[in-house]
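Sequential numbering from 1 applies to the sequence shown in our numbering.
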Amino acid sequence: MIQDAETLGLLLESIRRFVRERLIPAEAAVTEADAMPADIVREMREMGLFGYALPREYGGLGLTTEEQMHVAFELCYASPVFRSYVGTNNGIGGMGIVIDGTPEQKERYLHRLAAGEIIGSFALTEPDNGSDAGGLKTFARRDGDHYVINGTKRYITNAPEASIFTLMARTDASQKGAAGVSAFIVERDTPGLSTAPPDRKMGQRGSHTSDVILQDVRVPASALIGGVEGQGFKTAMKVLDRARLNIAAVCVGIAQRMLDETLAYAMQREQFGQPIAGFQLVQAMLADSKAEIYAARCMTLDAARQADEGANIATEASCAKLFASEMCSRVADRCVQVHGGAGYMQEYPIERLYRDVRLFRIFEGTSQIQQLVIAKNMIRAARG
Ligand code: COS
């Protein structure tokens with residue numbers, strides 16, 4: 001749903017300009033330094049990008065799901081690390097509070113998340129539990145008016161920068177699966193919480209992940225999201241439904257960038273006496289990429305519209321994430337191929353983007369998990 005086409009158009013135009021004038025020129029330096037420049041963070045704050053998906057009453061831009069997709073298409077025309085920096089506040093680090101938080105929790109955190117004064121992070125994955133999220137072992141023991149949390153979280157995006165964590169922990173030891181899991185908001189400066197040094201990754205330099213270690217971390221009972229035990233897995237899944245759709249939009253944006261870079265290269269690179277764009281085998285790679293990006297874009301917008309109408313889009317979000325992330329890898333591979341030897345060199349952005357986008361088939365649910373979710377939901381629907 002588009003609330004006001006003119007206002008959205010102005011926002012998208014300002015993001016498009018910001019991406020081309022500020023973000024793309026900064027990509028190489030961000031990769032080199034593995035850090036986000038302070039002036040870019042400040043500008044993203046001023047543009048409201050830390051809270052574009054958060055409700056207006058808490059200082060966010062209050063965009064609908066469909067509008068958020070358009071923002072992601074534009075923003076992710078630059079390296080995905082910029083979106084990643086603002087993405088947790090709008091997505092996995094803030095949405096649990098928006099969807100299931102108590103009024104007090106919303107009041108306490110959402111204003112600051114929307115303003116970009118603090119970074120929110122989402123801590124679900126553990127050393128022994130990735131795809132099997134319901135089997136997580138981090139334990140929160142009730143102690144009077146508090147919980148005492150022990151465990152380790154792994155590969156947590158923006159953990160080194162985060163001020164708060166939406167953190168899933170088991171509160172009922174007798175329940176081995178999803179039913180015993182609760183969600184908490186844990187503040188970074190709580191004694192016993194520490195983060196490990198940032199992980200060394202294949203790509204996405206400038207966006208950081210790390211372990212989060214909890215040793216007898218004492219949080220008040222008011223930190224329990226929604227104030228109800230045993231709902232944390234469902235909160236996490238609801239957050240992931242939205243996050244998966246967001247990743248589909250991210251894939252569309254960056255795939256379009258890779259294809260545009262590649263088309264420009266193919267039109268100026270000459271072999272056998274003519275630009276390689278004139279060769280039909282190159283054209284096939286360009287055309288397949290164009291068609292697949294278009295398909296992913298349509299899927300993403302359709303699922304977003306359904307979400308705005310209040311539908312349960314768990315299946316559609318998984319379909320979009322599955323297709324778009326696989327599409328993005330295929331496009332990246334073809335783009336390297338069209339670049340030939342140059343595609344393997346760091347001189348051209350395609351080498352870096354190829355490594356960056358490999359993550360999309362893995363995080364926020366692997367392609368195989370998306371397949372399981374889709375098939376499980378199909379079977380459930382068929383049973384009625
Ligand atoms: N929205 C709301 N509730 C949901 C839900 C959703 N999208 N998906 C599942 N649930 C509910 C189920 O309805 C069920 O509730 P009841 O027991 O009351 O019926 C409960 O959650 C457990 O669901 P299920 O039995 O399907 O859970 P499983 O343990 O089988 O796990 C998968 C399902 C594998 C799909 C889940 O663990 C998963 O998504 N894993 C991947 C995790 C992931 O994406 N990690 C990425 C890192 S975080 S960035």
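C-beta atoms are modelled at their ideal positions from N, C-alpha and C, and glycine is treated no differently.
Just so it is clear, the structure is predicted and the values come from calculations on it, not from any experiment.
Cβ distance (whole Å) where residue i is taken to contact residue j below 8 angstroms
{"i": "residue 370", "j": "residue 321", "result": "5 angstroms"}
{"i": "residue 204", "j": "residue 333", "result": "Residue 204 to residue 333, Cβ: 18 angstroms. No contact."}
{"i": "residue 74", "j": "residue 16", "result": "5 angstroms"}
{"i": "residue 166", "j": "residue 183", "result": "6 angstroms"}
{"i": "residue 54", "j": "residue 116", "result": "Residue 54 to residue 116, Cβ: 11 angstroms. No contact."}
{"i": "residue 89", "j": "residue 122", "result": "No, residue 89 and residue 122 are not in contact; Cβ-Cβ is about 11 angstroms, not under 8 angstroms."}
{"i": "residue 254", "j": "residue 76", "result": "5 angstroms"}
Same chain, Cβ closer than 7 angstroms to residue i, neighbours up to 5 away in sequence not counted
{"i": "residue 216", "result": "148, 150 and 192"}
{"i": "residue 78", "result": "19, 23, 24 and 27"}
{"i": "residue 118", "result": "112, 163 and 164"}
{"i": "residue 300", "result": "69, 245, 248, 249, 252, 320 and 324"}
Continuous beta strand (DSSP E) stretch holding residue i: start and end
{"i": "residue 220", "result": "209–220"}
{"i": "residue 154", "result": "146–157"}
{"i": "residue 120", "result": "120–123"}
{"i": "residue 193", "result": "193–195"}
{"i": "residue 166", "result": "164–170"}
{"i": "residue 186", "result": "181–187"}
{"i": "residue 140", "result": "139–143"}
Same chain, Cβ closer than 8 angstroms to residue i, neighbours up to 5 away in sequence not counted
{"i": "residue 259", "result": "286, 289, 290, 293, 331 and 335"}
{"i": "residue 295", "result": "323 and 327"}
{"i": "residue 365", "result": "131, 240, 244, 318, 321 and 373"}
{"i": "residue 229", "result": "171, 172 and 182"}
{"i": "residue 190", "result": "217, 218 and 219"}
Contact check, residue i vs residue j, beta carbons under 8 angstroms
{"i": "residue 133", "j": "residue 186", "result": "no"}
{"i": "residue 207", "j": "residue 81", "result": "yes"}
{"i": "residue 195", "j": "residue 220", "result": "no"}
{"i": "residue 69", "j": "residue 308", "result": "no"}
{"i": "residue 304", "j": "residue 65", "result": "yes"}
{"i": "residue 57", "j": "residue 8", "result": "no"}
{"i": "residue 128", "j": "residue 137", "result": "yes"}
{"i": "residue 52", "j": "residue 71", "result": "yes"}
{"i": "residue 106", "j": "residue 126", "result": "no"}
{"i": "residue 31", "j": "residue 358", "result": "no"}
Endpoints, alpha helix (DSSP H) assigned at residue i
{"i": "residue 352", "result": "349–357"}
{"i": "residue 44", "result": "38–46"}
{"i": "residue 88", "result": "80–90"}
{"i": "residue 201", "result": "Where residue 201 is concerned, there is no enclosing alpha helix (DSSP H), given that its DSSP letter is neither H nor E."}
{"i": "residue 263", "result": "232–268"}
{"i": "residue 52", "result": "Neither: residue 52 is in no alpha helix (DSSP H) and is coded neither H nor E."}
{"i": "residue 127", "result": "First-last for residue 127: undefined, no H or E at that position."}
{"i": "residue 377", "result": "367–383"}
{"i": "residue 306", "result": "280–308"}
{"i": "residue 27", "result": "24–33"}
{"i": "residue 17", "result": "5–18"}
{"i": "residue 96", "result": "95–100"}
{"i": "residue 190", "result": "Run containing residue 190: none; DSSP gives neither H nor E here."}
Contact set for residue i: own chain, Cβ-Cβ below 6 angstroms, skip 5 residues either direction
{"i": "residue 181", "result": "168, 170, 232 and 233"}
{"i": "residue 276", "result": "266, 269 and 282"}
{"i": "residue 120", "result": "88, 89, 93, 94, 113 and 164"}
{"i": "residue 60", "result": "51, 54 and 114"}
{"i": "residue 45", "result": "116"}
Contact between the region 231–247 and the region 197–214 (3+ Cβ pairs under 8 angstroms): no
Say whether the region 27–46 touches the region 95–104, bearing in mind that this needs 3 or more beta-carbon pairs closer than 8 angstroms, one atom from each stretch. no
Quick check: the region 254–268 against the region 341–351, are at least 3 beta-carbon pairs closer than 8 angstroms? yes
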